[in-house]
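In the numbering used here, the protein residues as written are 186 to 406. Virtual Cβ for every residue (Gly too), placed ideally from N, Cα, C. In this text the structure is predicted, and so the values were computed from the model without any measurement. To start, the structure under review is shown below, and the notes come after it.
Rendered as structure tokens:
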């Protein structure tokens, strides 16, 4: 009996971790491929004025970049109208590797949580939801702490940790794409990720509380 309980708790921990991965990667994937945010920022951040490009040209180049980041795309990155340096190309290739891994993690965690989550549903066991929410809450607290030092510093630290070179530091003379990707846009993307993650967490919390109260009422009966 003890062995069964321990294995069950371990299973809840793993499932909770996979659910947390699913929620986080869902937020990231949604933000990356939600082009409407960038389209809004073209006007909101006055990108036409800062880049010297028309709105149509900005959209064409941005859409090409997002298409390149899709897991299903195996071709090279080409901008319709913008030049790109060798270092810039290498950086985009490194970013694609990261986004590919995130999309793979999304698909894997979705499959895992769908199967084992259904098993927990049949067993009326929802402890993994509480575990996932605890993990995500910890991550959000860490992000908030980092942002207290300023988004610019957090953004810089992220690049220094993730990338082993300085190719991400674009020179607009050779990589003019940087003129349509201001830091403010990445901040807005982060906010969108957090919003999506919080919404999904609220759904999980609602399910957990509903099922917890349901079981509690049944025990009283």
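Worksheet item: Going along the chain, which unbroken runs of the alpha helix (DSSP H) with 4 or more residues stay wholly within the region 231 to 297?
Response: If only complete runs of 4 or more residues are kept, the region 231 to 297 shows the alpha helix (DSSP H) at 232 to 236, 240 to 253, in order along the chain.
Discussion item. Across the region 207 to 215 and the region 302 to 314, are there enough close Cβ pairs to call them in contact, namely three or more that are closer than 8 Å?
Written reply: The region 207 to 215, when compared against the region 302 to 314, does not touch it at the 8 Å Cβ threshold.
Worksheet entry | Inter-residue CB distance, residue 216 and residue 377 (contact presumed, cutoff 8 Å) | 5 Å
Worksheet item: Going by the CB atoms, is the gap between residue 383 and residue 314 shorter than 7 Å?
Response: Taking 7 Å as the cut-off, the Cβ atoms of residue 314 and residue 383 do not count as close.
Worksheet item: Does the beta-carbon distance from residue 352 to residue 227 come in below 7 Å?
Response: No, the pair does not count as a contact, with Cβ atoms beyond the cut-off.
Item to complete: Check whether the region 360 to 368 touches the region 223 to 241, counting contact only when three or more Cβ pairs, one atom from each stretch, lie closer than 8 Å.
Response: With the cut-off at 8 Å, the region 360 to 368 and the region 223 to 241 touch.
Fill in: Assumed close pair residue 248, residue 220 - CB separation to whole angstroms, cut-off 8 Å
7 Å
Worksheet item: Measuring CB to CB, does residue 197 end up less than 7 Å from residue 269?
Response: no
Item to complete: Would you mind reading off the limits of the alpha helix (DSSP H) that contains residue 222?
Response: 220 to 229 is the span of the alpha helix (DSSP H), which, as asked, contains residue 222.
Discussion item. Looking at the secondary structure, which residues open and close the alpha helix (DSSP H) in which residue 475 lies?
Written reply: Any answer about residue 475 is impossible in this case: the structure gives the chain only from 186 up to 406.
Worksheet item: Which residues in the same chain have their Cβ closer than 7 Å to the Cβ of residue 246, if we skip the five residues on either side of it in sequence?
Response: 264, 265, 266, 267, 362, 365
Discussion item. What residue range does the alpha helix (DSSP H) around residue 348 cover?
Written reply: Unbroken run through residue 348: none, as it is neither H nor E.
Worksheet item: Can you tell which of 253, 309, 343, 261 has its C-alpha closest to the C-alpha of residue 371?
Response: 343
Worksheet item: Where does residue 327 land, buried or exposed, given buried means 16+ other C-beta within 10 angstroms?
Response: exposed
Worksheet item: Can the beta-carbon of residue 254 be found closer than 7 Å to that of residue 291?
Response: no
Worksheet entry | Residue from 330, 345, 318 with nearest C-alpha to residue 387 | 318
Worksheet item: In chain order, what residues of the same chain have a beta carbon less than 7 Å from the beta carbon of residue 340, not counting five sequence neighbours either side?
Response: 368, 371
Worksheet item: Using the C-alpha atoms, what's the distance from residue 311 back to residue 336?
Response: 36 Å
Worksheet item: Is the distance from the Cβ of residue 316 to the Cβ of residue 201 below 7 Å?
Response: yes
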